[in-house]
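Enquirer: In this note's numbering, the protein residues as written are 3 to 267.
Cβ coordinates follow ideal geometry from the N, Cα and C atoms, glycine included.
Computed from a prediction, not measured in an experiment: that's the story for all the values here.
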Amino acid sequence: MNLDQIYAHAKEWINEAGAKIRLSFNQTLNIETKSNANDLVTNIDKEIEQFFISKIREAYPAHKIMGEEGFGDSLDSLEGIVWMIDPIDGTLNFVHQQRNFAISVGVYENGVGKIGLIYDVVHDELYHATSGNGAYLNETPLNALKESIVKESILALNATWVMENHRIDHKLMIPLVKAARGTRSYGSAALEMIFVATGRVDAYLSMRLSPWDFAAGAVIIEELGGIVTNLRGEKLNFLSQDSLFAAKPGLHQSILNDYLKEGKW
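1) For I196, report the span of its alpha helix (DSSP H) as first-last.
2) What do you get for S76, buried or exposed, if any count of 16 or more other CB atoms within 10 angstroms of its CB means buried?
3) If you measure between the beta carbons of W85 and I58, is that distance less than 7 Å?
4) For V97 versus A218, is the C-beta spacing smaller than 7 Å?
5) Below 8 Å on the Cβ atoms is my guess for L253 versus E149; work out the distance and round it to an integer in Å.
6) Could you work out which residue in F54, D78, W163 and G189 is closest to N112 when comparing CA atoms only?
7) Which whole-angstrom value describes the C-beta separation of L147 and K250, a residue pair presumed to lie in contact below a C-beta threshold of 8 Å?
8) Taking C-beta to C-beta, are V198 and A248 nearer than 7 Å?
9) Mind the definition here: the region 127-144 touches the region 223-240 only if three or more C-beta pairs lie below 8 Å; say whether that holds.
10) Any idea if N192 is buried or exposed, counting beta-carbon neighbours within 10 angstroms, 16 or more meaning buried?
11) Say whether the region 5-13 touches the region 27-36, bearing in mind that this needs 3 or more beta-carbon pairs closer than 8 Å, one atom from each stretch.
12) If you drop the 5 nearest sequence neighbours on each side, which residues of the same chain put their C-beta closer than 8 Å to that of P177?
13) Assuming G184 and I156 form a contact by the criterion Cβ under 8 Å, report the distance between their Cβ atoms to the nearest whole angstrom.
14) Tell me the DSSP secondary structure of E14 in three-state form.
15) Give the C-beta separation of S208 and L246 to the nearest angstrom, bearing in mind that I take them to be a contact with Cβ-Cβ under 8 Å.
16) Express the C-alpha separation of D244 and N140 in angstroms, rounding to a whole number.
17) State the DSSP-derived secondary structure class of R59, mapped to helix, strand or coil.
18) Could you tell me the boundaries of the beta strand (DSSP E) in which K116 lies?
19) Return yes when the Cβ of F27 is within less than 7 Å of the Cβ of Q52, no when it is not.
20) On the DSSP letters alone, give me the boundaries of the alpha helix (DSSP H) that K180 sits inside.
21) Whose C-alpha, out of L241, L233 and I55, is nearest the C-alpha of G265?
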């Protein structure tokens with residue numbers, strides 16, 4: 003695996019994709035729904051995923067691709083090199099706000115994260131990392147994450163999980179929310195993971211995400227010393243949906259032990 007070459011290509015392509023998205027802001031979007039009325043997909047989501055697939059297939063025909071919009075491969079293993087792509091993470095925000103969304107690209111080799119890129123298109127902020135070589139915002143190195151405690155922490159958490167819902171007992175999350183300094187919700191898993199990586203929030207918890215939602219963010223956070231698991235404290239499953247718990251060092255174990263161990267996540 004020529005990591006440097008793949009990294010250079012990935013950065014080039016994600017910047018090109020961002021430019022294409024910015025050009026779409028004045029266009030009329032073709033908006034469809036997927037699993038429910040609030041799960042949106044646009045023609046731009048599809049076009050951006052197909053753009054990445056075209057570039058990857060041309061440059062690296064042996065690589066596999068997992069993409070949110072389904073134009074990639076159907077995988078039952080992570081053997082070899084796998085690209086995990088979310089062309090627009092936060093489509094609802096993209097449609098309604100034209101901000102608070104990102105492009106997310108992770109590159110894994112035999113199930114191990116090697117490259118992570120998350121591009122905040124509107125702010126022209128590219129967060130990127132290669133395993134063992136640090137993480138960056140554009141060309142500026144990001145600082146290693148410092149430990150935090152619950153009572154001084156801001157958590158990224160969707161309000162859905164502290165309201166009655168059909169996935170979990172909502173009462174399980176209430177003590178954690180009460181103990182924390184505050185909570186935030188941004189509607190984009192990629193950006194919420196970046197906010198953990200940059201210390202803007204201290205932890206991010208979600209009940210159900212797909213590999214393309216967290217593949218890139220996991221590489222970046224772990225490169226900065228953060229911890230990324232599911233809500234049971236286990237290694238993430240990159241072949242199917244899983245819960246997600248990303249946090250600063252120390253804080254991760256504290257929340258896991260004191261607030262999450264009773265949950266059936």
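Expert: This is what the structure holds:
1) In this chain, the alpha helix (DSSP H) harbouring I196 covers A191 to A199.
2) exposed
3) yes
4) no
5) 7 Å
6) D78
7) 5 Å
8) Remark: C-beta atoms of V198 and A248 approach each other more closely than 7 Å.
9) Under the three-pair Cβ rule at 8 Å, the region 127-144 counts as touching the region 223-240.
10) The question names Asn, but residue 192 is Ala in the sequence shown. Buried, by the Cβ-count rule.
11) no
12) Y261
13) 5 Å
14) helix
15) 5 Å
16) 29 Å
17) helix
18) V114 to D122
19) no
20) I176 to A181
21) L233
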